[in-house]
Amino acid sequence: MALKSTIFKLELQIADLDRNYFQNHALTVARHPSETDERMMARVLAFALYADEALSFGKGLSSEDEPDLWRKDLTGAIELWIEVGLPDEKRVRRACGRANQVVVLTYGGRVADMWWQQNQAALQRQDKLTVLNIAAEDSKALGALAERGLQLQCTLQEGEFWLIADGESLHIAPETRMAPRAR
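Just so you know, we're using numbering that gives the first Met the number 0 here: the sequence shown kicks off at 0 and counts up by one.
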């Protein structure tokens with residue numbers, strides 16, 4: 000018998016000063032049985048960074064054809080494709096062919112650094128791609144916040160996060176490893 004996903008209910012309050020986006024989101028996040036709290040919370044962080052009424056969680060680990068998060072326009076065209084973790088370079092290339100904008104949010108410290116070294120040359124050919132990295136200690140602290148009924152306040156300014164959950168505060172400044180080329 001297959002293991003079932005664990006359901007997390009999150010109340011996410013976002014104050015994105017960079018985009019003038021201020022919104023509360025009631026999220027239901029399914030954590031795949033093979034997924035860690037750290038990875039699930041990295042998905043939530045990615046949601047906060049690109050929050051929009053049309054942004055939704057994809058099947059992620061359960062599907063080859065869907066990302067961790069995506070935003071589609073009213074015609075069904077993919078505007079934004081977000082991968083969390085260390086995706087295969089071919090998967091990222093396919094995503095760049097399907098979406099207007101692709102983001103890869105890596106974490107994991109030394110393993111993420113090795114992934115970047117191995118894939119950097121191939122990925123730099125993609126002009127729609129952004130690659131962000133969360134430092135190992137930040138992603139571990141983020142994973143420690145995971146609770147099934149979490150209230151999370153998130154403030155973003157100049158690409159940095161300030162998170163507050165259950166009286167705990169956390170500052171995360173993702174490193175931009177690659178940004179889209181100007182057209």
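Backbone N, C-alpha and C fix where the C-beta goes; we use that ideal spot for every residue, glycine too.
- Pairing Thr27 with Lys8 gives a Cβ-Cβ distance under 8 Å.
- A Cβ-Cβ distance of about 14 Å is found for the pair Arg30 and Gly84, leaving them out of contact under the 8 Å criterion.
- Among the bridge pairs identified by DSSP, Arg30 is matched with Thr5.
- Counting the other Cβ atoms within 10 Å of the Cβ of Val110 gives fewer than 16, which makes it exposed.
- Taking all protein chains in view, the Cβ of Asn19 is surrounded by fewer than 16 other Cβ atoms within 10 Å, so the residue is classified as exposed.
- Listed in chain order, the alpha helix (DSSP H) elements of length 4 or more contained wholly in the segment 60-133 are 88-97 and 109-122.
- Contact between Ala121 and Glu88 holds, since their C-beta atoms are separated by about 5 Å, short of 8 Å.
- Rounded to the nearest whole angstrom, the C-alpha separation of Leu73 and Ala94 is 19 Å.
- Excluding its 5 nearest sequence neighbours in each direction, Trp69 has C-beta neighbours in its own chain below 7 Å: Ser55, Gly57, Ile77, Leu79, Trp80 and Ile81, listed in chain order.
- For a cut-off of 8 Å, the C-beta gap from Arg176 to Val130 is around 4 Å, short enough to register as a contact.
- In this structure, the beta-carbon distance from Leu16 to Leu151 does not fall below 8 Å.
- A straight-line Cα-Cα distance of about 43 Å links Gly166 and Arg124.
- Bridge partners of Tyr49 according to DSSP: none are assigned.
- Relative to the Cα of Thr105, the nearest Cα in the group Glu63, Asp67, His24 and Arg147 belongs to Asp67.
- Excluding residues up to 5 positions away in sequence, Val91, Cys95, Val101, Val102, Val103, Leu122, Met177 and Pro179 lie with their Cβ nearer than 8 Å to the Cβ of Leu128 in the same chain.
- Around the CB of Asn99, fewer than 16 other CB atoms lie within 10 Å, so the residue is classed as exposed.
- In this structure, the CA atom of Ile6 is about 21 Å from the CA atom of Ile13.
- Counting of Cβ neighbours within 10 angstroms places Glu34 among the buried residues, the total reaching 16 or more.
- Setting aside the 5 residues that flank it on each side, Arg147 is surrounded in the same chain by Thr5, Ile6, Phe7 and Lys8, each with a C-beta closer than 8 Å to its C-beta; the list follows chain order.
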